[in-house]
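Here our numbering is used: the first residue of the sequence shown is 14, the next is one more, and so on. Glycine included, each C-beta is placed from N, C-alpha and C at the ideal position. As the structure is a prediction and not an experimental result, all values here were calculated from the model. Report on the structure given below.
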Amino acid sequence: MNLTEIKYEKKGEIAWITLFRPEKLNAFTAVMLQEWRTLLETIEKDNSCRVVIVQGEGKSWSAGVDLSVFQKTKIEPGFKMWEDGMAIMALLENMPQVTIAKLNGYCFTGALEILMAFDLIVAADEAKIGDTHAKFGIPPKWGMTQRLREQVGLRKAKELSFTAKTISGKEAEAIGLVNQSVPLAALQETTENLANQIIKNSAQTISAIKHLYQYGNLHTLKEGLDYEIEFKVELTDKIDTLKNFKKEI
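So, in structure tokens, the structure goes:
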């Protein structure tokens, strides 16, 4: 696969994706989103991959959509960049692998929209996060008003969107937008440790649990409870562990 605006490396059971336009704060272009989408579609089918980690090159995770795009068009339904962004979020939320954002720096607007589709987020204390749609007069189209409200609460979401202010990784942790925030120097080790904790467990069970969480997120509590009771899946990757557990009892 010929990649020009992202980098990819597979280390054992972990896939590392790096957004790679550091001179432009890794701002999204049509090329970057297409490459990202295609790569995730490939990883999704790779049973040897357990965790996908996405980071940004340099001092930014991503500044969002490259503003030069808006001088030519709008990110609206039907536009290829809009479609690719929506597809990336659907993949992050539904692929069997656990998806982790390693949030190392700036994360604004469209990047924040995509960020919220990850299963887990580890941020640097120094990270700067914000919904700047109102600052630039751009209406959100990738789910900002729905995911942000769901993840941090309605009033806090309105505050962030109406003021267009930025918050740090620590502040994002306090409102539940990210799982944890650590000093930038510890971000790599913390993210790797989290991934390795996940890998120790049943991949099939994690995939099933992820599916159930996603179903529940899109349905009522009653529908989710009923679905979980009826949900059936064959789990075979921890049979030996279960047998040993029974022997110990």
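On the DSSP bridge list, what partners appear for residue i?
i	result
residue 112	65
residue 31	20 and 68
residue 179	143
residue 75	120
residue 194	136
residue 41	78
Do residue j and residue i have their beta-carbon atoms positioned less than 9 Å apart in this structure?
i	j	result
residue 181	residue 140	yes
residue 69	residue 107	no
residue 112	residue 67	yes
residue 105	residue 135	no
residue 53	residue 16	no
residue 27	residue 208	yes
residue 122	residue 153	yes
residue 133	residue 192	yes
residue 97	residue 125	no
residue 230	residue 163	yes
residue 157	residue 130	no
residue 127	residue 95	no
residue 109	residue 20	no
residue 32	residue 22	no
Which same chain residues end up closer than 7 Å to residue i when comparing Cβ atoms and leaving out the 5 residues on each side of it in sequence?
i	result
residue 169	188
residue 93	43
residue 244	225
residue 179	141, 142 and 143
residue 184	none
residue 215	248, 250 and 251
residue 220	109
residue 147	174, 175 and 177
Give me the Cβ distance between residue i and residue j, rounded to the nearest whole Å; I'm assuming they're in contact under 8 Å.
i	j	result
residue 227	residue 250	Actually they are not in contact, since the Cβ atoms of residue 227 and residue 250 sit about 20 Å apart, beyond 8 Å.
residue 63	residue 212	5 Å
Can you list, in chain order, the residues of its chain with a C-beta nearer than 8 Å to that of residue i? Leave out the 5 residues immediately preceding and following it.
i	result
residue 72	35, 38, 117, 118 and 119
residue 232	240
Whose C-beta lies closer than 6 Å to the C-beta of residue i among residues of the same chain, with five residues either side of it excluded?
i	result
residue 195	203
residue 50	97, 100 and 101
residue 161	170
residue 90	none
residue 197	137 and 139
residue 151	none
residue 14	none
Please tell me whether, using a cut-off of 8 Å, the distance from the CB of residue i to the nearest non-hydrogen atom of the ligand FAD is below it.
i	result
residue 66	With respect to the ligand FAD, the structure shown offers nothing to examine, as it has no ligands at all.
Would you call the region 70 to 85 in contact with the region 41 to 48, where contact means no fewer than 3 C-beta pairs closer than 8 Å? yes
Segment contact flag, the region 140 to 149 with the region 108 to 122, C-beta cutoff 8 Å, min 3 pairs: yes
Does the region 46 to 64 touch the region 194 to 206, meaning 3 or more C-beta pairs lie closer than 8 Å? no
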